[in-house]
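Written below as structure tokens is the structure these notes are about.
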DNA sequence: GTTTTTGCAAACCATTTGCAGGGTC
DNA sequence: GACCCTGCAAATGGTTTGCAAAAAC
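Residue numbers (the numbering used here), protein chains in the order written: chain A, 522 to 664; chain B, 522 to 664.
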């Protein structure tokens, strides 16, 4: 059960397992791809779960530190969050349904190493995000 | 002269070549790496160039459409702009001095193609940003 | 002259914060 | 009981917008 992973990560790190936090985790698990803070706020209100806006933000912050959630910068400038395992990896996100797939390293470490070599930069961090249409959305919106 | 590139791009696209816009272009060219809107606002005030905050934002927006400036999302969540040529490419940015180097495609199209193959996604867009220390900043800040 | 652009200030919107009350260990 | 967490509402900070005056063509 995935819930447990998040819950365990939570109190292993010494955070209290409160009702509000469980609600947020629940909300996140109820979505399957990338989601925005506004999505969670709306879901919470709709499902009458106890989780104020500020708490949602604070909980996401914690989850981000725990590396079970990651924040993405969408091409249009807005932000999204996505649930994911730890370890170095990247995502491809469907621009229509927000479903996402974890890509692992997908060869980027090698690319980064080559770039470091070529430019003389010491590269500490690289970010890769890919956007497009997932298989099922391709059939719906052929463009 | 680089100024001309920006200026020409500007009126080729049917925009008026105003004093304020020339100031913004001038400000951008006076910086050599990535810069923030706040940088430009400060520079403008300091140099007494006519360019109000709103105009700076509006001009950057135009320059972005003209593909001579690109907006970057920094790892800390803030934004930066960078001057660059058109065509598909990525950057490596020094986290200390903001100097940046254009990386061209750097093998990413191939990576994207492989990911498309593997996941079934149709990939329309990918973004890559690398951060680290440029050669000269490495000598200053060894860490 | 007509149309675009500017500047200013106000509006916006997502996110953060202060603080008093409530919940958890 | 001590400390952590929550909710609310207010503050924030970057970005956008409305509008009348000014500049460009």
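Backbone N, C-alpha and C define an ideal beta-carbon position, used for all residues, glycine too.
Along the beta strand (DSSP E) that carries residue i, what are the first and last residues, could you check?
i             : result
residue 645/A : 643-654
Which residues of chain A have a Cβ atom closer than 7 Å to the Cβ of residue i, listed in chain order?
i             : result
residue 594/B : 594
residue 643/B : 653, 654 and 659
residue 640/B : 613 and 622
residue 627/B : 632 and 636
Can you pull the chain A neighbours of residue i, defined as C-beta to C-beta under 8 Å?
i             : result
residue 647/B : 649, 650, 651 and 652
Determine which residues share a DSSP beta bridge with residue i and list them.
i             : result
residue 593/B : 601/B
residue 621/B : 614/B
Need the endpoints of the alpha helix (DSSP H) that residue i sits in, please.
i             : result
residue 563/B : 558-568
residue 547/B : 540-550
residue 584/A : 574-586
residue 631/A : 629-640
Could you check if residue i belongs to the surroundings of the ligand NAP, using beta carbon to heavy atom distance under 8 Å?
i             : result
residue 589/A : With respect to the ligand NAP, the structure offers nothing, as it holds no ligand at all.
Of all the residues that make up the segment 548-559 of chain A, which are near chain B by a beta-carbon distance shorter than 9 Å? none
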